[in-house]
Each structure stands twice: as C-alpha cells, then as structure tokens.
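One structure is given here, and the rest of the page talks about it.
Numbering (full-length UniProt numbering), first residue to last: 1 to 115.
So this is what it looks like as structure tokens:
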C-alpha cells in the first residue's frame, strides 16, 4: 500500500497568475528585441515573468503580455520542489493533454511554471 498523500506538499499548491503571457520563437541568429532586453536591465522594469532561452536551434522568449499580444495563462506550482522528485510535471500535464490543452513549461530553481 502506498504511503498516504501529503496534502500539504508544495506540488499540490497551484497559483493561477492573473496576467496573460506571450510565447515567441525567434531564429537562433536573431537579436533579442530591445524592448524585451531592456526589461532585464532597467530598474523600473518589473515583469512578473520574463524568460529568454537560447539554444543551438532557436531563441524562445516568454513574458508578460501588453495589450492583446498574449494568449497564454500561467500556473505556478508552489515550491521549491526537491530536484530528485519525480513525476510532478507528468502528473500535472497529463490531464491537460487529455483535454487538448497545450503546455509550455519553464523552471526556475525548484519551481515549475506552466503556460
């Protein structure tokens, strides 16, 4: 028999952020738009989430939408979660897959962020 479920575990605490977000894909040789780069270096720039990832194939940018340019919502799973913990993302995304909801995930130190 499996151990009882810990209902206070951080992986069961979800936070739906009120903002909408954009997800952009750029060619790997593209320049990061100045408006986005300035959010990283400007003291007054305080987006709730801004992620820029560059790989050998692409640049992907996720950020808080301005006006109507965002169509993604964001759910944060409370954390931090231990690095050795397995199955949290799969358990969370399987029901979304079953109803055809696309998922785009980003992680910060021990905290999954799902778009």
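We put the beta carbon where it would ideally sit given N, CA and C, even for glycine.
**Message:** Going by C-alpha to C-alpha distance, which of 55, 72, 71 sits closest to residue 29?
**Reply:** Sequence index remark: in the chain shown, residue 29 carries index 29 (1-based). Nearest of 55, 72, 71 to residue 29, Cα basis: 55.
**Prompt:** Among 52, 76, 92, which has the Cα closest to the Cα of residue 18?
**Reply:** Residue numbering aside, residue 18 sits at position 18 when the chain shown is read from its first letter. For residue 18, the nearest C-alpha among the options comes from 76.
**Message:** Taking the alpha-carbon of residue 84 as reference, which of 100, 111, 14 has the nearest alpha-carbon?
**Reply:** Numbered from its first residue, the chain shown carries residue 84 at position 84. Looking at the Cα atoms, 111 is the closest of the given residues.
**Prompt:** Which residues mark the beginning and the end of the alpha helix (DSSP H) in which residue 38 is found?
**Reply:** Within the chain shown, residue 38 is the residue found at index 38, counting from 1. Segment 34-41, the alpha helix (DSSP H) holding residue 38.
**Completely contained beta strand (DSSP E) runs for the segment 63-96, where each covers 3 or more residues** = 75-77
**Asked** Nearest CA to the CA of residue 115: which residue from 63, 73, 79, 37?
**Response** Taking the first residue of the chain shown as 1, we reach residue 115 at position 115. Measuring from the Cα of residue 115, the nearest candidate turns out to be 73.
**Item:** residue 98, DSSP secondary structure in three states
**Value:** As a working note, residue 98 is residue 98 in the chain shown. Helix.
**Item:** Opening and closing residue of the beta strand (DSSP E) in which residue 23 lies
**Value:** The count along the chain shown starts at 1 and reaches residue 23 at position 23. 21-27 is the extent of the beta strand (DSSP E) around residue 23.
**Prompt:** With residue 25 and residue 58 assumed to form a contact (beta carbons below 8 Å), what rounded beta-carbon distance in angstroms separates them?
**Reply:** The residue given as residue 25 occupies position 25 in the chain shown. The residue given as residue 58 occupies position 58 in the chain shown. Residue 25 to residue 58, Cβ: 6 Å. Contact.
**Prompt:** Under the DSSP definition of a beta bridge, which residues are partnered with residue 60?
**Reply:** Taking the chain shown and counting its residues from 1, the one referred to as residue 60 is at position 60. Answer is 25, 53.
**Message:** The beta strand (DSSP E) that contains residue 16, what's its start and end?
**Reply:** Numbered from 1 along the chain shown, position 16 holds the residue referred to as residue 16. That run of the beta strand (DSSP E) goes 14-16.
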